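Novice: In this note's numbering, the protein residues as written are 83 to 625.
The beta carbon of each residue, even a glycine, is placed where N, CA and C say it ideally should be.
Predicted, not measured: the structure shown is a model, and the values here were computed from it.
Here it is in structure tokens:
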């Protein structure tokens, strides 16, 4: 297949681009193999550069404002004209951006819409943009290996945190001696462990009829099974779509907005995921027990829980480098099927059964942690937004395919660039760091009370409300932190070498961020309502 076969009209003049909250731009529209470009007139400044893979849905509307002129004698159908005809194309993107293109000429409008639909639906992995993108600042095979393979399972609090798919006991209650022996060797005599099943007890029983099931108590006497049902698949996808639709509704009343927010059930999914992760973390940290987490295939809600539990327990996972390693280990190497789950976003009417925003749910939960513990994560919201965008449409190969086997067959690591290599460049890295970060060695116990779970406005409303003031606030935060750091260094320069030791620098850095945080306290979130331990942990996390 050639891309040129899919492009019916490559260039259209006098196209008007409209975007919410921004002035309209008129210019020349160009369609290439992977991008939609609009260059404004008359200056020719590039106003739009959209990766076509980012398009989730194409809505078209054509108008005939004039009359029909039949072809001239001896002429062809190409000579047919519709005077005054025009069309409007609305592009709903996977990152929730909405673009409207007003195109003169009904035929051109239909051709542009058809071309975008065809190019955005190319299924072949090796025809996607990462296989063609070659940034001059990066080299192939750079940044692909973040953590050694032996860290495939994380050891937290001297206990094992394990993950797996469901056991295949089936209706005949078959046993697997190897599984029983494996889980038996993890626990010493007298110890106990917990199996956290992310399905309801009823769903787990129903799975037995198709070959799945649960661990029989008699075969795993030291393990106690706990069911914590987490939605996945179609219900989660519909919840996401309902919330996005509600956020895009023009000026709803307060009652209607709250009703639609509640009706989407998205915040309930966030609460359930955080609650289950806290349960796993509590079993490890408070009970001193090993934990096995599983669902059906072990590649969706299972990974959601184990990744969040590690963020709660392990300060190393809350650094920028550690978080990248966590994603590589718990999502990419563990086989979350990104290509299937992220084929479409919230606007497509052709969603498949395999699509589900499980990874978005994880990112939302991480944002909730960052809001409740604003000093404890080294990275900020911008990193989470960038990760979402790149899972659905990317110039990098990090989230391509569904598992390591497919990535190997497509030679992703040999033929595409790693997103981590791009993010870890010094000039890029600064964009994603949290200026208020201070290493917190403690466990961070989030509150999961309903009033503590908030809508992630920076994601769901980022193209709807203007972000100028928020951006200016973060610039001011960085300026204050960097200014205090500079003055601290000047003060240190007049001190003795002993006073300039590494421990002194750490204390000065901590005091700098603490003083900056106090000055900005009015704009930071209040401690979440919850248990006494939750409040103490939140306070410890802000020190």
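#1: Keeping to the same chain, check which residues put their C-beta closer than 6 Å to that of residue 191; ignore five residues upstream and five downstream.
#2: When DSSP labels each residue in this structure, what does residue 581 get in the three-state scheme?
#3: How would you label residue 254, buried or exposed, when you count the other beta carbons within 10 angstroms and need 16 or more for buried?
#4: Classify residue 97 as helix, strand or coil using the three-state DSSP reduction.
#5: Could I get the ranges of all uninterrupted alpha helix (DSSP H) runs contained in the region 312-384, with 4 residues as the minimum, in chain order?
#6: On the three-state DSSP scale, how would you describe residue 435?
#7: Taking one C-beta from the region 443-462 and one from the region 505-519 each time, how about it: are there three or more such pairs within less than 8 Å?
#8: Quick check: the Cα distance between residue 195 and residue 322, rounded to an integer number of angstroms?
#9: Per DSSP, what are the beta-bridge partners of residue 477 in this structure?
#10: How is the beta strand (DSSP E) around residue 131 delimited, first residue to last?
#11: Span of the beta strand (DSSP E) holding residue 113?
#12: With a cut-off of 8 Å, do at least 3 Cβ pairs link the region 197-210 to the region 135-142?
#13: Which residue marks the beginning of the beta strand (DSSP E) containing residue 142, and which one marks its end?
#14: Would you mind reading off the limits of the beta strand (DSSP E) that contains residue 169?
#15: Looking only at its chain, what residues have a beta carbon closer than 8 Å to the beta carbon of residue 247, apart from the 5 residues adjacent to it on each side?
#16: At which residues does the beta strand (DSSP E) containing residue 489 begin and terminate?
#17: Is the region 496-515 in contact with the region 213-222, if contact means three or more CB pairs nearer than 8 Å?
#18: Residues in the same chain with beta-carbon distance under 6 Å from residue 96, minus the five sequence neighbours each way, listed in chain order, please.
#19: With a Cβ-Cβ cutoff of 8 Å, do residue 271 and residue 302 count as a contact?
#20: Is residue 210 buried or exposed, if buried means 16 or more other CB atoms sit within 10 Å of its CB?
#21: Are residue 538 and residue 471 close, meaning C-beta to C-beta below 8 Å?
#22: Express the C-alpha separation of residue 482 and residue 489 in angstroms, rounding to a whole number.
#23: Report the CB separation of residue 473 from residue 420 in whole angstroms; it is logged as a contact under 8 Å.
#24: Roughly how many angstroms separate the alpha carbons of residue 308 and residue 251, rounded to a whole number?
#25: When DSSP builds the beta bridges, which residues end up paired with residue 515?
#26: With residue 503 as the anchor, note down where its alpha helix (DSSP H) starts and where it stops.
#27: With three or more beta-carbon pairs closer than 8 Å as the criterion, would you say the region 502-514 touches the region 309-328?
#28: Using beta-carbon positions only, say whether residue 406 and residue 228 come within less than 8 Å of one another.
#29: What number of angstroms, rounded off, separates the C-alpha of residue 129 from the C-alpha of residue 332?
#30: Nearest to residue 451 by CA position, among 353, 342, 289, 120, is which residue?
#31: At the level of alpha carbons, what is the spacing between residue 99 and residue 310?
#32: Just the Cα atoms here: how many angstroms apart are residue 535 and residue 357?
#33: For the alpha helix (DSSP H) containing residue 268, list its first residue and its last residue.
#34: Can you give, in chain order, each stretch of the beta strand (DSSP E) that sits fully within the region 190-252 and has at least 3 residues?
Specialist: Looking at the atomic coordinates:
#1: Here residue 191 refers to the residue found at position 109 of the chain shown. The residues are 144, 169, 185.
#2: Locating residue 581 in the chain shown gives position 499, where the first residue counts as 1. Only weak support is given to the placement of residue 581: the predicted model assigns it a pLDDT of 47, under 50, and the question is left unresolved by the model.
#3: For the purposes of this step, residue 254 is identified with residue 172 of the chain shown, where counting begins at 1. Under this definition residue 254 is an exposed residue.
#4: Along the chain shown, one-based indexing puts residue 97 at 15. Here residue 97 sits in strand by DSSP.
#5: 316-329, 336-346, 348-367
#6: For the purposes of this step, residue 435 is taken as the residue at position 353 of the chain shown. Of the three classes helix, strand and coil, the one that applies to residue 435 here is coil, per DSSP.
#7: yes
#8: Numbered from its first residue, the chain shown carries residue 195 at position 113. Numbered from its first residue, the chain shown carries residue 322 at position 240. Their backbone Cα atoms lie some 25 Å apart in a straight line.
#9: Taking the first residue of the chain shown as position 1, residue 477 is located at position 395. Bridge partners of residue 477: none, in fact.
#10: What you label residue 131 is simply residue 49 of the chain shown in a count that begins at 1. Here the beta strand (DSSP E) through residue 131 covers 128-133.
#11: Within the chain shown, residue 113 is the residue found at index 31, counting from 1. It spans 104-113 - the beta strand (DSSP E) in which residue 113 sits, taken as one unbroken run.
#12: yes
#13: For the purposes of this step, residue 142 is identified with residue 60 of the chain shown, where counting begins at 1. Note, residue 142: beta strand (DSSP E), 137-145.
#14: For the purposes of this step, residue 169 is taken as residue 87 along the chain shown, with counting starting at 1. That run of the beta strand (DSSP E) goes 168-175.
#15: Within the chain shown, residue 247 is the residue found at index 165, counting from 1. Closer than 8 Å at the Cβ level, and outside the excluded window around residue 247, lie 376, 377, 378, 379, 380, 381, 384.
#16: Your numbering for residue 489 matches position 407 in the chain shown. Note, residue 489: premise wrong, no beta strand (DSSP E); alpha helix (DSSP H) at 486-491.
#17: yes
#18: Within the chain shown, the letter at position 14 stands for residue 96. Here the set comprises 186.
#19: As a first step, residue 271 is located in the chain shown; it is residue number 189 there, counting from the start. As a first step, residue 302 is located in the chain shown; it is residue number 220 there, counting from the start. No, these two residues do not count as a Cβ contact at 8 Å.
#20: Walking along the chain shown from the start, residue 210 turns up at place 128. The residue in question, residue 210, is buried, as its Cβ has 16 or more Cβ neighbours within 10 Å.
#21: The residue given as residue 538 occupies position 456 in the chain shown. The residue given as residue 471 occupies position 389 in the chain shown. No, these two residues do not count as a Cβ contact at 8 Å.
#22: Within the chain shown, the letter at position 407 stands for residue 489. Within the chain shown, the letter at position 400 stands for residue 482. Near 7 Å, if we compare the C-alpha coordinates of residue 482 and residue 489.
#23: Within the chain shown, numbered from 1, the residue matching residue 473 stands at position 391. Within the chain shown, numbered from 1, the residue matching residue 420 stands at position 338. Correct: roughly 6 Å between the Cβ atoms.
#24: Residue mapping note: residue 308 aligns to position 226 of the chain shown, counting from 1. Residue mapping note: residue 251 aligns to position 169 of the chain shown, counting from 1. Distance between the alpha carbons of residue 308 and residue 251 is about 18 Å.
#25: For the purposes of this step, residue 515 is identified with residue 433 of the chain shown, where counting begins at 1. Answer by DSSP bridge pairing, in chain order: 461.
#26: By 1-based counting over the chain shown, the position of residue 503 is 421. Its alpha helix (DSSP H) spans residues 501-505.
#27: no
#28: Taking the chain shown and counting its residues from 1, the one referred to as residue 406 is at position 324. Taking the chain shown and counting its residues from 1, the one referred to as residue 228 is at position 146. The answer is yes: Cβ separation under 8 Å.
#29: For the purposes of this step, residue 129 is taken as the residue at position 47 of the chain shown. For the purposes of this step, residue 332 is taken as the residue at position 250 of the chain shown. Computed Cα separation, rounded: 25 Å.
#30: Stepping through the chain shown from its first residue, residue 451 is reached at position 369. Among 353, 342, 289, 120, the Cα nearest to that of residue 451 belongs to 353.
#31: One-based indexing of the chain shown puts residue 99 at position 17. One-based indexing of the chain shown puts residue 310 at position 228. Looking at the two C-alpha atoms, the distance is approximately 47 Å.
#32: One-based indexing of the chain shown puts residue 535 at position 453. One-based indexing of the chain shown puts residue 357 at position 275. When rounded, the distance between both Cα atoms is 11 Å.
#33: The residue labelled residue 268 in the question sits at position 186 within the chain shown. That run of the alpha helix (DSSP H) goes 259-268.
#34: 241-246
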